[in-house]
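2 protein chains.
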Amino acid sequence: MQKEHNLSKNQKIIFDLIDKSGGPMKAYSILFNVQKKGIKAPLQVYRALDKLVEIGKIHKIESRNAFIACQNSSCQISKATAFSICESCENVSEISNSKLSKYLSNFSDESGMKYSKYNLEFFGLCKKCKSK
Amino acid sequence: MQKEHNLSKNQKIIFDLIDKSGGPMKAYSILFNVQKKGIKAPLQVYRALDKLVEIGKIHKIESRNAFIACQNSSCQISKATAFSICESCENVSEISNSKLSKYLSNFSDESGMKYSKYNLEFFGLCKKCKSK
DNA sequence: AACATTATGTAATAATATAACATTTAGAAG
DNA sequence: CTTCTAAATGTTATATTATTACATAATGTT
Ligand SMILES: [Zn+2]
Ligand SMILES: [Zn+2]
Ligand SMILES: [Zn+2]
Ligand SMILES: [Zn+2]
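Protein chains in written order, with our numbering: chain A, 338 to 469; chain B, 338 to 469.
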């Protein structure tokens, strides 16, 4: 069962925007879109984004400096994330594959380092773009 | 056998700097360090970095906006990269594990998308930092 | 009510990265 | 060696992404 986080006003505005967009959004594009709702400064956006990432409602796509709503209901915390990214249309989707996540969560090498978190980004062409 | 790329003057200066540093370096720190060698503008650095990434001599650590020399001689092209990152001391090392790379290179899901590239970043505490 | 924690507002600035344009260098082809 | 082309360089300006610093307000706990 997922803990309910009561989002604050700004967090809710920003989460709803990202969630409705259905794809990754960049911070300044978010800012532009929420200015009519009274959020005027970059910092207000980044603070909400930080919190939303922390509680796992959104994830950051590192290679794109963009943020996407979590598409995986079992993903309480952004500790183990995997995405597929189309290099042509920039479509992004979260990969939810239990074998993969099990494999990576249990991964360890000879360095003696125990990993508590990972982020994986796959790149390629999506179905649509491949058939063009 | 790895194709020898003849690095240009700027590419060589910048690769040597990153390689000797032994860790990840950020673009503007690189710029600062090579100004005595005549490289004066960000763009000169970014162009060399782009090329070095393209030919696999360095990789970008996306979550850190930093660049590290390839530590894996068999890694001609930056198509399949994995790193371990200490969240305390920020030490980064390239993971070269054939099982892992085989697993990820062959990974496919039900989306019908075939992946040509991936980047994986593991986070945790390194041995040193764990024992503190 | 008192206190601590979290969130907000605002301005300024830092850090990261690219656009546009002119010129030069290095290879390949004839 | 000359012509052509692709790659690399130099330079200025600017765009994009993110944080510091400081003041205030809202929320939750004891
Ligand atoms: Zn998720
Ligand atoms: Zn696509
Ligand atoms: Zn490598
Ligand atoms: Zn460490």
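Ideal Cβ positions, reconstructed from N, Cα and C, are used throughout, including at glycine.
Per DSSP, N409(A) is not a residue of any alpha helix (DSSP H), being assigned neither H nor E.
Around the CB of Q348(A), 16 or more other CB atoms lie within 10 Å, so the residue is classed as buried.
Residues of chain B whose Cβ lies closer than 7 Å to the Cβ of L437(A) are, in chain order, F444.
The CB of K464(B) comes closer than 8 Å to the CB of S448, G449 and M450 in chain A, given here in chain order.
For F420(B), no alpha helix (DSSP H) segment is defined; the enclosing uninterrupted segment is the beta strand (DSSP E) at A417 to C423.
Chain order gives the chain B residues near G461(A) as M450, K451, Y452, S453 and K454, where near means a beta carbon separation below 8 Å. F420(A) places its beta carbon less than 9 Å from that of E458(A). Note that the C-beta distance between C407(B) and E431(B) is below 9 Å.
Counting only residues of its own chain and dropping the five nearest sequence neighbours on each side, C466(A) has a CB closer than 7 Å to the CB of C423, S425 and C426. With contacts defined by Cβ atoms closer than 9 Å, S453(A) and K416(A) form a contacting pair.
One Cα belongs to D446(A), the other to N402(B), and the distance between them is close to 25 Å. Neighbours of N434(A) in chain B, taken as residues at a C-beta separation under 7 Å, are given in chain order as D446. Between E458(A) and chain B, the shortest Cβ-Cβ separation is below 9 Å.
The alpha-carbon of K357(A) is positioned some 19 Å away from that of D387(A). Within its own chain, the residues whose Cβ lies closer than 6 Å to the Cβ of S438(B), once the five positions on either side in sequence are excluded, are A417, listed in chain order.
A distance criterion of 8 Å places the beta-carbon of H342(B) beyond contact range of ligand 3, judged by its closest non-hydrogen atom.
At least one heavy atom of ligand 1 sits closer than 8 Å to the Cβ of S415(A). Its chain contains M362, I367, N370 and V371 as the residues whose beta carbon lies nearer than 8 Å to that of L354(B), once the 5 sequence neighbours on both sides are disregarded; these appear in chain order. Counting every other CB atom within 10 Å of its CB across the protein chains shown gives Y455(A) a total of 16 or more, marking it as buried. Counting along the chain, the unbroken alpha helix (DSSP H) around F369(B) starts and ends at A364 to V371. If you ignore the 5 residues before and after N434(A), its C-beta comes within less than 8 Å of the C-beta of A419, all in its own chain and listed in chain order. DSSP, reduced to helix, strand and coil, places K469(A) outside both helices and strands of the structure shown, so it counts as coil.
Around the CB of G375(B), fewer than 16 other CB atoms lie within 10 Å, so the residue is classed as exposed.
In terms of beta-carbon proximity, S421(A) lines the interface with chain B, with at least one pair separated by less than 9 Å.
For S425(B), the shortest C-beta to heavy atom distance toward ligand 4 is below 8 Å. Taking CB atoms only, E424(A) has a neighbour in chain B less than 9 Å away.
Rounded to whole angstroms, S400(A) and K464(A) show a C-alpha spacing of 21 Å. The alpha carbon of G449(A) has as its nearest neighbour, out of H342(B), N343(B) and F460(B), the alpha carbon of F460(B).
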